[in-house]
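The block underneath contains the structure these notes are about, expressed in structure tokens.
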Amino acid sequence: MVNVNTLFDLTGKVACITGASSGLGRRAAVALASAGANVVGVARRSDALEGLCDEIGAAATGVVADVADRTHLDKLVVDLSAPFGAPDIVLHAAGLNTREAADDVTIKGWDQTLALNLSAPFFLSQALVPGMKAKGWGRIVNFASLQTFRAFPSGIAYGATKGGVGQLTRAMAEAWSPYGITANAIGPGFFPTELTAAVFDDDERAARNAAQTCIGRNGTLADIDGPVLFLCSDASAYVTGQVLMVDGGFTAK
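Under numbering that gives the first Met the number 0, think of the first position of the sequence shown as 0, with each following residue one higher.
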């Protein structure tokens, strides 16, 4: 008989979550801790990280850092490995959407978006892979988007990075899955987070987005728990290189 509880049990695992100070990153940190993982949240805002650690308790710690700044990557790896050991799981939830129209995209905005959304997940994963290889087990979870597959107005820089995340995920799987490390991505639909505040502040727009899903509603933070636990646990041992759309069927219509 299959022991379902064991499939999703993360006791003894160490999970690093970027963008853990708010939104889906924070929710993922809480979900992973609830499954037994020790959690290291990485974000730029110390006060928000402190709030996360207060909520989770002794199983969580925070590291204040800008993951887009690769000049401090070696120190970041040391800092996030110090509390509980080398991470078994890395979940890349940090993201930026400048919402610049194609004609108005700036070099600065483009470079910042690329650095955080695409470069940071690769280089941080690359730095953590040796520790996962040593254990013969690892989970990399990137964050894709509706814009991995769809073009949205004023989303050319963001969409380009999220399209890149889809291919990055497949390439990571090809490179590292032979060592017991799976690489997958979650593609959220419309969830109420700081990144989508402009959408949810507009009731008409939010309702229009909900109507475009198969389910007929936008996401809630609780809707991310199951997909996160699945992709970070033994339940997904034979799943790699995939983008799991958690969008209520938005991309199915």
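Beta carbons are placed, not taken as given, at the ideal position from N, Cα and C, and that holds for glycine. Fair warning: this is a prediction, and the values are worked out from it, not measured in the lab.
Taking a contact to mean a Cβ-Cβ separation below 8 Å, would you say V62 touches L79 in this structure?
yes
Identify the residues that DSSP records as bridge partners of N141: which are they?
A184
Please report the distance separating the alpha-carbon of L123 from that of L48.
19 Å
In whole angstroms, what separates the C-alpha of A172 from that of K161?
17 Å
Alpha carbon to alpha carbon, how far is V164 from M131?
21 Å
Go ahead and pull the three-state DSSP assignment for V245.
The three-state secondary structure of V245, taken from DSSP, is strand.
Is it buried or exposed, C15, if we count other Cβ atoms within 10 angstroms and call 16 or more buried?
buried
Where do the ends of the beta strand (DSSP E) carrying L90 lie?
I88 to H91
With a threshold of 16 other CB atoms inside 10 Å of the CB of N116, please say whether the residue is buried or exposed.
Counting other Cβ atoms within 10 Å of its Cβ, N116 reaches 16 or more and is therefore classed as buried.
Could you spell out where the alpha helix (DSSP H) holding V198 opens and where it closes?
A196 to F199
So, L220 versus R44, is the Cβ gap smaller than 8 Å?
Against a cut-off of 8 Å, the Cβ pair of R44 and L220 comes out as no contact.
Can you tell me whether F151 is buried or exposed, with buried defined as 16 or more other CB within 10 angstroms of its CB?
exposed
If I follow the unbroken beta strand (DSSP E) through T60, where does it start and stop?
A59 to V63
What did DSSP end up calling V227 once you bin it into helix, strand or coil?
helix
May I ask which residues mark the beginning and end of the alpha helix (DSSP H) holding G165?
I155 to W175
Identify whether T239 lies in helix, strand or coil by the three-state DSSP scheme.
coil
Going by CA-CA distance only, name the one from D246, D200, A234 and L95 that's closest to I185.
D246
Quick check: the Cα distance between P129 and Y157, rounded to an integer number of angstroms?
30 Å
Verify whether the separation of the beta carbon atoms of V198 and A206 is less than 8 Å.
In this structure, A206 does not lie closer than 8 Å to V198 by Cβ.
Does DSSP put C15 in a helix, in a strand, or in coil?
strand
Measuring alpha carbon to alpha carbon, tell me which residue in A57, A58 and L72 is nearest A64.
L72
Ends of the alpha helix (DSSP H) at G253?
Within the shown structure, residues of the chain are numbered from 0 to 252, placing residue 253 beyond reach of any answer.
Helix, strand or coil for K134, going by three-state DSSP, please let me know.
helix
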